């Protein structure tokens with residue numbers, strides 16, 4: 002499902018919905034190399050005023066999706082709030098990442114990612130980014146996260162002048178799959194005066210011996 006919203010206020014609720022099966026061309030068929038994700042929502046603003054969007058994704062299943070299971074993008078001067086609660090996100094045996102939340106330019110993005118089970122393969126399980134002058138603020142709490150293949154369990158990035166983020170990650174259980182040498186938590190403020198305020202508390206991490214660090218935080222380029 003791909004929703005593009007421009008200059009419209011919107012309340013969107015997905016409750017007990019199933020998104021499934023873009024990894025193959027049909028049930029049990031050959032691999033679909035062009036397979037898409039589950040939900041992609043993009044908010045843009047070209048006119049006067051800032052569109053406000055509230056999204057609730059609750060008690061739903063995102064299974065065997067080749068790209069991001071859930072992707073929300075706030076662009077221009079959009080204001081987006083998203084709650085992702087008690088969902089099952091599982092790439093199973095093929096490629097697929099989990100939750101991808103992004104803000105660009107003068108946009109604002111607030112989020113709660115709470116109580117989900119997320120298994121990714123070949124990408125970050127939970128990825129949060131802010132570019133340009135965008136502001137993001139939110140919580141990643143009480144999630145059971147498994148990152149297989151490559152990619153961190155939780156990744157937070159602010160980039161470019163004016164980008165800011167205030168993020169809390171608390172009470173998560175993060176397991177890095179066999180051979181995944183990425184850091185379980187990877188946080189970075191990069192370029193210009195990008196700012197990241199990060200709170201980490203009571204997370205349980207099971208990393209691979211090949212990982213440089215369980216938790217990696219970087220100020221500046223790396």
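Residue numbers (the working numbering): 2 to 223.
Quick reminder that beta carbons are idealized off the backbone N, C-alpha and C, glycines included.
Here the structure is a predicted model, which is why all the values come from computation and not from measurement.
Residue closest to residue i, alpha-carbon to alpha-carbon, out of the options
i, options, result
"residue 123", "86, 108, 178", "178"
"residue 152", "145, 173, 98", "98"
"residue 38", "17, 182, 2, 47", "2"
"residue 198", "182, 220, 210", "220"
"residue 163", "118, 215, 146, 107", "107"
"residue 187", "7, 121, 158", "158"
"residue 182", "200, 91, 203, 210", "210"
"residue 169", "201, 192, 60", "201"
"residue 191", "45, 180, 166", "166"
Whether residue i touches residue j by CB criterion (8 Å)
i, j, result
"residue 128", "residue 156", "yes"
"residue 175", "residue 205", "yes"
"residue 139", "residue 185", "no"
"residue 87", "residue 116", "yes"
"residue 15", "residue 58", "yes"
"residue 100", "residue 119", "yes"
Residue environment, residue i, which counts as buried when at least 16 other CB atoms sit within 10 Å
i, result
"residue 65", "buried"
"residue 79", "buried"
"residue 147", "buried"
"residue 149", "buried"
"residue 173", "buried"
"residue 105", "buried"
"residue 136", "buried"
Minimum length 3: unbroken beta strand (DSSP E) runs contained in the stretch 73-101: Entirely contained in the stretch 73-101, the beta strand (DSSP E) runs reaching 3 residues are, in chain order, 80-86, 89-91.
Can you check the stretch 161-203 for any alpha helix (DSSP H) of at least 4 residues that lies completely inside it and give the ranges in chain order? Within the stretch 161-203, no complete alpha helix (DSSP H) run reaches 4 residues.
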